[in-house]
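Shown next, in structure tokens, is the structure this report addresses.
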Amino acid sequence: MANIMRVAEHQNQRKTATRSRHIDVALAGNPNSGKTTIFNNLTGARQHVGNYPGVTVEKKTGTCEHHGIKMSVVDLPGTYSLTAHSGEEMVARDYIINERPDVVVVILDASNLERNLYLATQLMEMNVRLVLALNMSDVAAARGIKFDLGLLSQLLGAPVVPTVGHRNEGTSELLHAIVSAATNEQPEHVSVSYGKELEDEIGRISDLITTSGTPLGQYPPRWLAIKLLESDQDVRKKVGSEEILGAVEQTAERLEKLFGHPLEVIIAGQRYGFISGACTEAVRSTVEARHTASDQIDAVVTNRVGGLPIFFGLMYLVFHLTFTLGDPPMGWLESLFGWLGKVIDSWWSPGSESALRSLLIDGVIGGVGGVIVFLPNILLLFVAITILEDSGYMARAAFIMDRFMHKIGLHGKSFIPMLIGFGCSVPAIMATRTIENRKDRLTTMLVVPLMSCGARLPIYALIIPAFFPHSWHGPMLWTIYVIGIILAVCSAKLLKLTLLKGQAPPFVMELPPYRLPTLKGTLIHTWERAWLYLRKAGTIILGISIILWALTNYPKKTDFGRVYSAEIAAAESAYESDPETLAAKMDEIEQAMQAEELAYTMAGRIGHAIEPLLRPMGFDWKIGTALIGAFAAKEVFVAQMGIVYAVGEADEESDPLRERLHESYTPLQAFCIMLFCLVSAPCMATVAVTKRESGSWKWALFQLGGLTTLAYVLTTVVYQVGSVFTAGAG
Ligand code: GDP
Ligand code: MG
Numbered sequence: 077m078a079n080i081m082r083v084a085e086h087q088n089q090r091k092t093a094t095r096s097r098h099i100d101v102a103l104a105g106n107p108n109s110g111k112t113t114i115f116n117n118l119t120g121a122r123q124h125v126g127n128y129p130g131v132t133v134e135k136k137t138g139t140c141e142h143h144g145i146k147m148s149v150v151d152l153p154g155t156y157s158l159t160a161h162s163g164e165e166m167v168a169r170d171y172i173i174n175e176r177p178d179v180v181v182v183i184l185d186a187s188n189l190e191r192n193l194y195l196a197t198q199l200m201e202m203n204v205r206l207v208l209a210l211n212m213s214d215v216a217a218a219r220g221i222k223f224d225l226g227l228l229s230q231l232l233g234a235p236v237v238p239t240v241g242h243r244n245e246g247t248s249e250l251l252h253a254i255v256s257a258a259t260n261e262q263p264e265h266v267s268v269s270y271g272k273e274l275e276d277e278i279g280r281i282s283d284l285i286t287t288s289g290t291p292l293g294q295y296p297p298r299w300l301a302i303k304l305l306e307s308d309q310d311v312r313k314k315v316g317s318e319e320i321l322g323a324v325e326q327t328a329e330r331l332e333k334l335f336g337h338p339l340e341v342i343i344a345g346q347r348y349g350f351i352s353g354a355c356t357e358a359v360r361s362t363v364e365a366r367h368t369a370s371d372q373i374d375a376v377v378t379n380r381v382g383g384l385p386i387f388f389g390l391m392y393l394v395f396h397l398t399f400t401l402g403d404p405p406m407g408w409l410e411s412l413f414g415w416l417g418k419v420i421d422s423w424w425s426p427g428s429e430s431a432l433r434s435l436l437i438d439g440v441i442g443g444v445g446g447v448i449v450f451l452p453n454i455l456l457l458f459v460a461i462t463i464l465e466d467s468g469y470m471a472r473a474a475f476i477m478d479r480f481m482h483k484i485g486l487h488g489k490s491f492i493p494m495l496i497g498f499g500c501s502v503p504a505i506m507a508t509r510t511i512e513n514r515k516d517r518l519t520t521m522l523v524v525p526l527m528s529c530g531a532r533l534p535i536y537a538l539i540i541p542a543f544f545p546h547s548w549h550g551p552m553l554w555t556i557y558v559i560g561i562i563l564a565v566c567s568a569k570l571l572k573l574t575l576l577k578g579q580a581p582p583f584v585m586e587l588p589p590y591r592l593p594t595l596k597g598t599l600i601h602t603w604e605r606a607w608l609y610l611r612k613a614g615t616i617i618l619g620i621s622i623i624l625w626a627l628t629n630y631p632k633k634t635d636f637g638r639v640y641s642a643e644i645a646a647a648e649s650a651y652e653s654d655p656e657t658l659a660a661k662m663d664e665i666e667q668a669m670q671a672e673e674l675a676y677t678m679a680g681r682i683g684h685a686i687e688p689l690l691r692p693m694g695f696d697w698k699i700g701t702a703l704i705g706a707f708a709a710k711e712v713f714v715a716q717m718g719i720v721y722a723v724g725e726a727d728e729e730s731d732p733l734r735e736r737l738h739e740s741y742t743p744l745q746a747f748c749i750m751l752f753c754l755v756s757a758p759c760m761a762t763v764a765v766t767k768r769e770s771g772s773w774k775w776a777l778f779q780l781g782g783l784t785t786l787a788y789v790l791t792t793v794v795y796q797v798g799s800v801f802t803a804g805a806g
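Using our numbering, the first residue of the sequence shown is number 77, and each one after it goes up by one.
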């Protein structure tokens, strides 16, 4: 090996001198792909046969000319891959790395493209200029296989030239492609992405290699890192460094437990996933030629007709299971927090006034508890999404939505975050990490809050039954969700046409092989997501809850408009014999007092102050205070309306609150409340996560301001136009 490398160095020096006049071309390809035939077409009689230095593998070289540009061509040994498993593969890859040919032409058997492209994916990692020859295109055509050459070339990041070797067809086109590949700027470099876990490690190991100063100059660090993770013995020997090999060992052990398969298998699977995605998009077969189980499942789930219903059915199942299975543990958590509240309450003597008690029970437990109660739902949703992702199905879902998403200027990959947005915007915005293109990622992040999240459901559940006849309930809820989706689609389109303009070149939507998710992998992924949710509850929501508690409690009113103590005494003597009426009377007095207290507090005053601003939308100060709460977390709106209308413990099932609302507002106002809550400022946690994921406050504030403005304008228009119509009707 050292021998070859020394010869190579010598040749490299010689080559630099002649590079300007000469193009060095290497032909690579699977055995029997027609490599030698193409080689003969290119070089004619100008060839000679020898051995690669040091090994007894035949080396055929020759020369040719195209428009006065001279080329030397090498016919590399035929290989399926570039591992260290055979002498031929070693010779081929050492040649490419040591000789650095200007262009590597991959001869592909077009009638068996997926398998043939495997070698090409490995060559992509070696940072060489590629030209793909779709040889045997006569056989492919006879089998009814059609190629979208332009798309295929874009997806694979290399020119694609169809050839028929034994009839010498496509040879001059191939020569032309070789010359322009050698002289022109390369198209954007494309390579297989191995998924977050592996990519993190590949990045870490290639950094280690770069900084360790190991003398491996001509080997691309990323390629070395991948080869090390594939446990390539030859590369191990070359790297030699104990530090690097130790790090690789540890990583491999950890990831193999996570995936439940050797890394070699996982890496090969990702490569085939990349190929499969590219071919499903750019290759059409009129004859069914799919064989593996994975292919057969894909034939069904990525089917243009059947794919969508299957997808929506699965999603319905996920949401349904999330809510039904999540219900009992949600009840347990509610009783747990109820019990905790009682325990804390018992620390003080009954009836005594204590700000600390109120803070702990109403502020901390009410606020944070109210959010943690949703944890079972969120966990179940995350488990389901993790399983769908790890099994490989999510990649298919993104694939079938890709066509539609292109119409709004995005990729299929943006679809998954939007879907998760129906659960909660926070994990949805984190899920945008899989989108490589920054503009697409930002667009997706910005519109995700328009997908009506789970926390808004209590608002609709409170309002719809209060104002609309029973038969309207389902359609009404559906309408709200659909309005959100339509707005998200339109905003995305608008952003892509203006602020975040620029069409990213199409990239491969990988279709990785289906795999049974491992228990460990599922648990780790679910936990990562759940932890972020819990942290949100523990930090942002805790802080906001305390602030809101203070706003709705201070300043304390001491001078009341009515003398409540006298009213209580009067009621007690008047209804002494009628305990039921007495209880009702007492409730009423207490509520009136609470309402008066609230109007006096900061929240009440802010509500009053912003009332003129809210009036065009049909809102009063009471809705205003509730909207302030909704900014902390959407679900706070309901509790806050309960406080404003002083109906004691309010939740979305609260009938007294519904009655009060029904007396106070028109159905049009009710609809406007829902519309505003749907579109306006996402909750604090969403703004915070957008800041973190976009890397700047600029985008977070843009999202906040943009959505709130949109909500304001939209709600005002709906209210004003609606008022004209209802006035006309009445
Ligand atoms: P190698 O192993 O890659 O060097 O492949 P060869 O060049 O030896 O070709 C293998 C066989 O495929 C030969 O019989 C060629 O005549 C045949 N062949 C090469 N190109 C084509 C083509 O485009 N179409 C068809 N039908 N046969 C081809
Ligand atoms: Mg041959």
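We treat Cβ as the ideally placed atom computed from N, Cα and C, and that holds for glycine.
This structure is a prediction, so every number in the text was calculated from the model and none was measured.
Which residue's Cα is closest to the Cα of residue i: the options?
i: E410; options: L393, A253, G443, P426; result: G443
i: G683; options: I704, T508, G694; result: I704
i: G578; options: Y128, A537, H482, V524; result: H482
i: A668; options: L495, T508, A460, F636; result: F636
i: L518; options: L208, K572, E325; result: K572
i: V207; options: A160, L436, K710, T247; result: T247
i: E201; options: L189, R169, M212, N188; result: R169
i: V182; options: E264, S157, H161; result: S157
i: R191; options: Y392, S641, R605, F350; result: F350
i: V712; options: T400, S361, I623, I320; result: I623
i: T598; options: L464, A507, I665; result: L464
i: L786; options: G439, H242, A757, W603; result: A757
i: R509; options: T139, I172, E769, S187; result: E769
i: K222; options: G619, R360, P296; result: R360
Using the C-alpha atoms, what's the distance from residue j back to residue i?
i: G724; j: F413; result: The predicted position of G724 is uncertain, since its pLDDT is 49 and thus under 50; no value can be drawn from it.
i: V240; j: D214; result: 6 Å
i: N453; j: V763; result: 22 Å
i: H98; j: A257; result: 13 Å
i: V800; j: G781; result: 29 Å
i: A474; j: V524; result: 16 Å
i: N116; j: A253; result: 17 Å
i: Q87; j: E175; result: In this prediction, Q87 scores a pLDDT of 45, lower than 50, which makes its location untrustworthy; the coordinate-derived value is nonetheless stated afterwards. Going by the C-alpha atoms only, they are around 7 Å apart.
i: G439; j: W408; result: 20 Å
i: S148; j: P129; result: 18 Å
i: I173; j: Y295; result: 7 Å
i: Q123; j: V101; result: 13 Å
What's the call for residue i, buried or exposed, on a 16-neighbour Cβ count within 10 Å?
i: L790; result: buried
i: G279; result: exposed
i: K136; result: buried
i: A659; result: exposed
i: Y795; result: buried
i: K146; result: exposed
i: L316; result: Correcting the residue identity first, residue 316 is Gly in this sequence and not Leu. Under this definition G316 is an exposed residue.
i: E673; result: buried
i: V793; result: exposed
i: Q372; result: exposed
Look at the Cβ atom of residue i, then the Cβ atom of residue j, and state whether they are nearer than 8 Å.
i: I505; j: M750; result: no
i: M662; j: Y788; result: no
i: V204; j: E164; result: no
i: L231; j: E357; result: yes
i: M585; j: G389; result: no
Point to revise | Contact between the region 547-561 and the region 459-471 (3+ Cβ pairs under 8 Å) | key: Contact between the region 547-561 and the region 459-471 is absent, because fewer than three Cβ pairs lie under 8 Å.
**Study point:** Touch test, the region 103-111 against the region 194-204, Cβ-Cβ under 8 Å, three pairs minimum
**Key:** For the pair of segments examined, the region 103-111 was found to touch the region 194-204: the number of CB pairs separated by less than 8 Å reaches three.
Practice item. Determine, using beta-carbon pairs with one atom in the region 624-644 and one in the region 668-682, whether at least three such pairs fall under 8 Å. Key: The region 624-644 is in contact with the region 668-682.
Check your understanding: Can you find at least 3 beta carbon pairs, one from the region 336-349 and one from the region 262-274, that sit closer than 8 Å?
Key -> Taking 8 Å as the limit for Cβ pairs, the verdict is that the region 262-274 does touch the region 336-349.
Check your understanding: Would you call the region 603-614 and the region 486-494 touching, i.e. three or more CB-CB distances under 8 Å?
Key -> Taking a contact to require three or more Cβ pairs closer than 8 Å, the region 603-614 and the region 486-494 do not qualify as touching.
Practice item. May I ask you to verify whether the region 558-567 touches the region 330-340, counting CB pairs closer than 8 Å and requiring at least 3? Key: With the cut-off at 8 Å, the region 558-567 and the region 330-340 do not touch.
Review point. Does the region 732-739 come close enough to the region 641-661 to have 3 or more Cβ pairs within less than 8 Å?
Key: Contact fails: fewer than three Cβ-Cβ distances are below 8 Å.
Review point. Quick check: the region 738-748 against the region 525-543, are there 3 or more CB pairs under 8 Å?
Key: Counting Cβ pairs under 8 Å, three or more are found: they touch.
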